[in-house]
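For reference, the structure is listed below as structure tokens.
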Amino acid sequence: MLTSICGINWGDEGKGRMVDLLSENYDVVCRYQGGNNAGHTVINEKGKFILNLLPSGILRDNVVNVLGCGMVIDLKHLCGEIDRLRAGGIIISPENLKISDKAIITMPYNVLQDEMEEDRLAKATGKPYGSTRRGIAPVYADKYMKKAFRMGELLNTELLYKRVPDIVAWKNMTIRAYGFKPVTVDEVIDYFETYGRQLAKFVTDTGLYLNKAVEEGKNVMFEAQLGALRDIDYGIVPYTSSSSTIAAYAPIGAGVPNLRLTNSVGIMKAYSSCVGAGPFTCEYFGKKADRLRELGSEYGAATGRPRRVGPFDVVASRYGIRCQGADEIALTKLDVLDDYDEIEICTHYNLHGKVLDEFPFTDVLDDCKPVFEKVKGWHCDITGCRKKEDLPKEALDYIALLEKLCGCKIKYVSVGAERDAFIEMY
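In case it helps, our numbering puts the sequence shown at residues -1 to 424.
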């Protein structure tokens, strides 16, 4: 079985929590895009872990974890992440962590570029992209300009270091244009020496590994970062990531473009949240936002930034489900709504008096206003529920309504952050 776990909305839907749960039935978990610009928070019997680059399957002893060729990898960050997990008792070795030799390396000067451009935009226009400032857009740009370094080059540093002077000279043309001090060849080589050597033992042909795993009948899970609305093609451009967050890209970004997905599990929250800038039609403000944010502990796992929040957005979710080709849905954080007597749902958008059922082109989203409907809340604690029959009628009605409005079955419902705090609906 080849399953993709993907985000339906703006990211931060709880994918890591669901990967940790569902990976019990999988042999391999593979990240296939993005870098350390987002995070998954997982709580289980081993503790609480925040993962930025490593797949959530790393927390299971019997799972092999893969960083695919579609990823961009900050060497320093990954070394630190591995150290933190090992300090928490997690075993990490070349047997359970494999990094694609074709994955791209995020360089310190990519991070600098990201910071310089965000600062320039903030000063010049007052409208920065809301980047995490971790170098993701610049390093993907380097990849497509064929001026990036790949993880496999760490296995032959003699050839790698011969490439460095030309790349540094080219990169410094940009850095000087921003008025910053240029980087040096020695700084770049030191980065590879300090962190690259620690990671070289994990680097391999993950495409070959994954193909053999499938031939042997092993189950593979593909773990996405962010959500459909952050996709570089289908998202709210330019307020997106710089990679494809779509489930259909999973085999490509993992290194096995010859394989096809068996199914796609879409993850969405029982309400809406969003980190970063860009249009967010259903957004709450003021006390309504503060209340929902605190109840849901909505702060970015990668940055700590307060997330923007709002009610469930049917228009955006229906679009995300279509983009992800979701066969079924996992609905997370239903328990966050326990304290509400009434729950709002954004069912439509209003654009200059015209009611929209479908998610529109990004340029008009800022002019769209949410159309809310209210449903009765359950106003009781559901965190102890473990069976469908345990849920109050109002919670079941809410789930059924979301299924109807979005056109996709909800199979899993999480009612808490712990590994066992979920309900399998069918």
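In this text, a Cβ means the ideal position worked out from N, Cα and C, and glycines have one as well.
> How long is the line joining the alpha carbons of Lys125 and Gly274, rounded to whole angstroms?
Replying inline: Start at 1 with the first residue of the sequence shown, and residue 125 comes out as number 127. Start at 1 with the first residue of the sequence shown, and residue 274 comes out as number 276. In this model, Lys125 and Gly274 are separated by some 11 angstroms (Cα to Cα).
> Which ranges does the alpha helix (DSSP H) cover as unbroken runs of at least 4 residues, wholly within the segment 288 to 347, from first to last along the chain?
Replying inline: Within the segment 288 to 347, the complete alpha helix (DSSP H) runs of at least 4 residues are 312 to 322.
>> Judging by CA-CA distance, which residue of Pro180, Gln196, Val166 is the nearest neighbour of Met149?
In response: The sequence position of residue 149 within the sequence shown is 151, counting from 1. Cα-wise, what sits closest to Met149 is Gln196.
> For Gly308, which residues from the same chain have a beta carbon less than 6 angstroms from its beta carbon, with the 5 sequence-adjacent residues on both sides left out?
Replying inline: Start at 1 with the first residue of the sequence shown, and residue 308 comes out as number 310. Excluding sequence neighbours, Gly308 sits near Ser270, Cys280, Glu281, Tyr282.
>> Please classify Arg29 as buried or exposed, where buried requires at least 16 other C-beta atoms within 10 Å of its C-beta.
In response: The residue you call residue 29 lines up with position 31 of the sequence shown. That one is buried.
> Starting from Met266 and walking both ways along the beta strand (DSSP E), at which residues does that stretch end?
Replying inline: Along the sequence shown, one-based indexing puts residue 266 at 268. That run of the beta strand (DSSP E) goes 261 to 267.
> Is the CB-CB distance between Ser412 and Leu335 below 8 angstroms?
Replying inline: Taking the first residue of the sequence shown as position 1, residue 412 is located at position 414. Taking the first residue of the sequence shown as position 1, residue 335 is located at position 337. At the C-beta level, Ser412 and Leu335 stay beyond 8 angstroms of one another.
> Since His38 is in the beta strand (DSSP E), which residue starts that stretch and which ends it?
Replying inline: Counting from one through the sequence shown, the residue named residue 38 turns up at place 40. Looking at the DSSP string, the run of the beta strand (DSSP E) that includes His38 is 38 to 42.
> To the nearest angstrom, how far is it from the Cα of Cys77 to the Cα of Gln223?
Replying inline: Start at 1 with the first residue of the sequence shown, and residue 77 comes out as number 79. Start at 1 with the first residue of the sequence shown, and residue 223 comes out as number 225. Between Cys77 and Gln223, the C-alpha separation is close to 19 angstroms.
>> Using C-beta distances below 8 angstroms, list every residue in its chain close to Pro390, excluding the 5 sequence neighbours before and after it, in chain order.
In response: Taking the sequence shown and counting its residues from 1, the one referred to as residue 390 is at position 392. When the five nearest sequence neighbours on each side are left out, the beta carbons in the same chain lying within less than 8 angstroms of the beta carbon of Pro390 are those of Trp376, Cys378, Ile380, in order along the chain.
>> Just to check my reading of the structure: Tyr347 and Val373 have Cβ atoms closer than 8 angstroms, yes? What is that Cβ distance to the nearest angstrom?
In response: If you number the sequence shown from 1, residue 347 lands on position 349. If you number the sequence shown from 1, residue 373 lands on position 375. Not really, about 19 angstroms apart at Cβ, beyond 8 angstroms.
> If you draw a straight line from the alpha carbon of Arg306 to that of Ile56, how long is it in whole angstroms?
Replying inline: Along the sequence shown, read from residue 1 onward, the residue named residue 306 stands at position 308. Along the sequence shown, read from residue 1 onward, the residue named residue 56 stands at position 58. So the alpha carbons of these two residues sit roughly 29 angstroms apart.
>> Within 10 Å of its beta-carbon, does Asp59 have 16 or more other beta-carbons around it, so buried, or fewer, so exposed?
In response: The count along the sequence shown starts at 1 and reaches residue 59 at position 61. Classification of Asp59: exposed, given that the 10 Å Cβ count is below 16.
> Which one of Gly215, Ile244, Arg228, Glu213 has the shortest CA to CA distance from Pro277?
Replying inline: Within the sequence shown, residue 277 is the residue found at index 279, counting from 1. Pro277 has its Cα closest to that of Arg228, out of Gly215, Ile244, Arg228, Glu213.
> Measuring CA to CA, which of Val254, Asp140, Arg161 is closest to Tyr207?
Replying inline: To locate residue 207, count along the sequence shown from 1; it is residue 209. With distances taken between Cα atoms, Tyr207 lies closest to Val254.
> When the Cα atoms are used, what is the spatial distance from Thr291 to Cys272?
Replying inline: As a working mapping, residue 291 is identified with position 293 in the sequence shown. As a working mapping, residue 272 is identified with position 274 in the sequence shown. For the sequence presented, residue 291 should be read as Arg rather than Thr. A direct Cα-Cα distance of roughly 11 angstroms separates Arg291 from Cys272.
>> Residues in the same chain with beta-carbon distance under 6 angstroms from Ser54, minus the five sequence neighbours each way, listed in chain order, please.
In response: Stepping through the sequence shown from its first residue, residue 54 is reached at position 56. For Ser54, where only same-chain residues beyond five positions count, the Cβ hits under 6 angstroms are Gly14, Val17, Asp18, His38, Val40.
>> Below 8 angstroms on the Cβ atoms is my contact criterion, and I expect Ser98 with Leu65 to pass it. Report the Cβ-Cβ distance as a whole number of Å.
In response: In the sequence shown, counting from the first residue as 1, residue 98 sits at position 100. In the sequence shown, counting from the first residue as 1, residue 65 sits at position 67. Yes, they are in contact, since the Cβ atoms of Ser98 and Leu65 sit about 6 angstroms apart, within 8 angstroms.
>> Using C-beta distances below 6 angstroms, list every residue in its chain close to Val353, excluding the 5 sequence neighbours before and after it, in chain order.
In response: One-based indexing of the sequence shown puts residue 353 at position 355. Excluding sequence neighbours, Val353 sits near His346.
> By DSSP, does Arg161 sit in helix, in strand, or in coil?
Replying inline: Walking along the sequence shown from the start, residue 161 turns up at place 163. Helix at Arg161.
> By a C-beta neighbour count over all protein chains shown, 10 Å radius and 16 as the cutoff for buried, is Val27 buried or exposed?
Replying inline: Along the sequence shown, read from residue 1 onward, the residue named residue 27 stands at position 29. By the Cβ neighbour-count rule, Val27 is buried, with 16 or more other Cβ atoms within 10 Å of its own.
>> How far does the beta strand (DSSP E) with Pro136 in it extend, from its first residue to its last?
In response: The residue you call residue 136 lines up with position 138 of the sequence shown. From DSSP, Pro136 is part of no beta strand (DSSP E) but of the alpha helix (DSSP H) over 134 to 142.
> DSSP beta-bridge partners for Lys46?
Replying inline: On the sequence shown, residue 46 is found 48 positions in, with the first residue counted as 1. Paired residue(s): Ile41.
>> Checking the sheet assignment: what are the DSSP bridge partners for Lys96?
In response: One-based indexing of the sequence shown puts residue 96 at position 98. For Lys96, the beta-bridge partners assigned by DSSP are Val64.
>> Report the CB separation of Leu153 from Val201 in whole angstroms; it is logged as a contact under 8 angstroms.
In response: Residue numbering aside, residue 153 sits at position 155 when the sequence shown is read from its first letter. Residue numbering aside, residue 201 sits at position 203 when the sequence shown is read from its first letter. Contact between Leu153 and Val201 is confirmed by a C-beta separation of about 6 angstroms, below the 8 angstroms threshold.
> Can you tell which of Asn256, Gly225, Tyr338 has its C-alpha closest to the C-alpha of Gly205?
Replying inline: In the sequence shown, residue 205 corresponds to position 207, counting from 1. Nearest in C-alpha terms to Gly205, of all of Asn256, Gly225, Tyr338, is Asn256.
>> Quick check on Gln223: does DSSP put it in helix, strand or coil?
In response: Translated into the one-based positions of the sequence shown, residue 223 becomes position 225. In the structure shown, Gln223 sits in a strand (DSSP, three-state: E or B).
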